[in-house]
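To start, the structure under review is shown below, and the notes come after it.
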Amino acid sequence: MNFLTKTVQQINQKVNQKVRWLSRKYQQYQKFLYASLGIILAFLLAGLLHQVWILRLSAQQPVDLFLVLGGSIKREIYVSELANKFPQTRILISTGSDDPCISQLFRRIQAPLDQVWLEKCADSTFGNFFFTQPLLSRWNVRHVKLITSTNHLPRALWLARIILGAHGIWVEPELVAETGVPGNQESPIKTMVDVTRALVWAGVSQRIQPRCQDVIQLPQVDLKAWCSEGFGCEHQGKINVESLCRQGWTEFGTERKFIPD
Numbered sequence: 122m123n124f125l126t127k128t129v130q131q132i133n134q135k136v137n138q139k140v141r142w143l144s145r146k147y148q149q150y151q152k153f154l155y156a157s158l159g160i161i162l163a164f165l166l167a168g169l170l171h172q173v174w175i176l177r178l179s180a181q182q183p184v185d186l187f188l189v190l191g192g193s194i195k196r197e198i199y200v201s202e203l204a205n206k207f208p209q210t211r212i213l214i215s216t217g218s219d220d221p222c223i224s225q226l227f228r229r230i231q232a233p234l235d236q237v238w239l240e241k242c243a244d245s246t247f248g249n250f251f252f253t254q255p256l257l258s259r260w261n262v263r264h265v266k267l268i269t270s271t272n273h274l275p276r277a278l279w280l281a282r283i284i285l286g287a288h289g290i291w292v293e294p295e296l297v298a299e300t301g302v303p304g305n306q307e308s309p310i311k312t313m314v315d316v317t318r319a320l321v322w323a324g325v326s327q328r329i330q331p332r333c334q335d336v337i338q339l340p341q342v343d344l345k346a347w348c349s350e351g352f353g354c355e356h357q358g359k360i361n362v363e364s365l366c367r368q369g370w371t372e373f374g375t376e377r378k379f380i381p382d
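With the first letter of the sequence shown counted as 1, position 79 gets the number 200 in this note's numbering; the numbers rise by one all the way through.
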């Protein structure tokens with residue numbers, strides 16, 4: 122009986138020692154975990170404050186690019202007028218109307234073409250910023266005027282400020298009055314999904330930069346090729362496609378005139 126009691130006591134003693142050892146290890150692990158989390162949070166906070174400081178500086182810079190989101194030809198009409206007022210400011214149109222429609226809008230009011238770029242990889246609002254951000258970063262853009270419509274808010278602005286803002290680019294909205302129903306249709310679910318994707322991509326894009334292979338300058342639009350393939354323009358643009366393909370367009374200044382076969 123004494124032997125059994127002694128054995129049980131020894132077992133209990135060893136168990137208690139093991140429990141105390143595990144408790145100490147757990148406390149050490151907790152301290153390490155809290156310290157690590159504190160360091161990570163400190164770095165994140167420092168990074169956030171640094172990014173806010175950069176964005177504040179960017180907001181004080183003059184607008185160096187007009188970014189047009191596709192979905193309505195009214196936005197492209199609007200930016201063609203801006204091109205005459207601000208001929209030195211670069212314009213990027215992300216998946217807008219067919220190329221000849223955009224080109225004709227600029228040509229008929231003799232707006233400069235050389236500063237206008239067409240990006241045609243995006244197929245969604247998220248895609249607009251997914252593909253344009255690397256371009257803007259390569260161009261060292263710091264202050265963007267985002268041209269879209271009221272019906273495209275708040276999703277478009279939130280995505281722009283999350284994705285572009287993560288790269289130090291300040292975004293200022295410029296809303297175009299619409300008639301009819303633009304191509305962008307909004308819903309709370311779509312907004313929630315896109316904002317979540319944008320938050321994730323804001324971090325991932327610090328390491329990965331997608332490259333759109335379908336970017337051209339407006340003077341490079343080949344009207345002859347487009348007329349052969351066929352295209353259409355929104356009626357609000359008041360562009361007669363048949364007449365355009367039959368008569369061609371006259372380019373101004375030193376540029377050449379296209380005459381169809």
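A virtual CB, placed ideally from N, CA and C, is assigned to each residue, including glycine. Computed from a predicted model, the values in this text were never measured in an experiment.
Exposure label - residue i; buried when at least 16 CB within 10 Å
| i | result |
| --- | --- |
| Thr216 | buried |
| His288 | buried |
| His356 | exposed |
| Lys266 | buried |
| Lys135 | exposed |
| Glu240 | buried |
| Gly159 | exposed |
| Leu178 | exposed |
| Ile161 | exposed |
| Ala156 | exposed |
| Lys206 | exposed |
| Thr375 | At Thr375 the pLDDT is 37, less than 50, meaning the model places this residue with poor confidence; the figure from the coordinates comes in the next sentence. That one is exposed. |
| Asp322 | Checking the sequence shown, residue 322 turns out to be Trp, not Asp. Answer is buried; the Cβ neighbour count reaches 16. |
| Leu154 | exposed |
| Lys139 | exposed |
| Lys195 | buried |
| Leu234 | buried |
Sequence-distant residues of the same chain with beta carbon closer than 8 Å to residue i, five excluded per side
| i | result |
| --- | --- |
| Trp238 | Arg211, Ile212, Leu213, Ile214, Leu256, Val336, Ile337, Gln338, Leu339 |
| Asp219 | Trp347, Phe352, Gly353, Cys354 |
Under the three-state DSSP convention, the category residue i falls into
| i | result |
| --- | --- |
| Glu197 | helix |
| Phe379 | Low per-residue confidence applies at Phe379: pLDDT is 40, beneath 50, and the placement is therefore not dependable, though the value from the model is reported in the following sentence. Phe379 falls in the coil class under three-state DSSP. |
| Glu307 | coil |
| Pro331 | coil |
| Ile290 | coil |
| Glu202 | helix |
| Ser215 | strand |
| Phe247 | helix |
| Leu285 | coil |
| Glu363 | helix |
| Cys354 | coil |
| Trp184 | Note that residue 184 is Val in the sequence shown here, rather than Trp. Residue state, collapsed to three classes: coil. |
| Trp260 | coil |
| Val140 | helix |
Own chain residues within Cβ distance below 7 Å of residue i, not counting five before or after
| i | result |
| --- | --- |
| Ser201 | Leu226, Phe227, Ile230, Ala232 |
| Val262 | Asp185, Leu186, Ile290 |
| Phe250 | Leu280, Ala281, Ile284, Leu285 |
| Tyr199 | Ile268, Val297 |
Proximity of residue i and residue j at Cβ, strictly below 9 Å
| i | j | result |
| --- | --- | --- |
| Pro208 | Gln236 | yes |
| Ala180 | Glu293 | yes |
| Gln172 | Gly324 | no |
| Phe247 | Ala319 | yes |
| Val316 | Trp279 | yes |
| Gly369 | Glu197 | no |
| Leu188 | Ile268 | yes |
| Asn361 | Glu307 | no |
| Ala277 | Leu176 | no |
| Tyr204 | Cys333 | According to the sequence as given, residue 204 is Ala; it is not Tyr. For Ala204 and Cys333, no; Cβs fall outside 9 Å. |
| His264 | Gln182 | yes |
Own chain, CB closer than 6 Å to residue i, minus 5 neighbours either side, in chain order
| i | result |
| --- | --- |
| Trp260 | none |
| Gln330 | Pro255 |
| Thr312 | Arg276 |
With a threshold of 8 Å, are at least 3 pairs of Cβ atoms found where one atom belongs to the region 250-261 and the other to the region 141-156?
Contact fails: fewer than three Cβ-Cβ distances are below 8 Å.
Using 8 Å as the threshold, is the region 338-353 in touch with the region 220-227, meaning 3 or more CB pairs across them?
The count of Cβ pairs closer than 8 Å, one atom from the region 338-353 and one from the region 220-227, reaches three, so the stretches are in contact.
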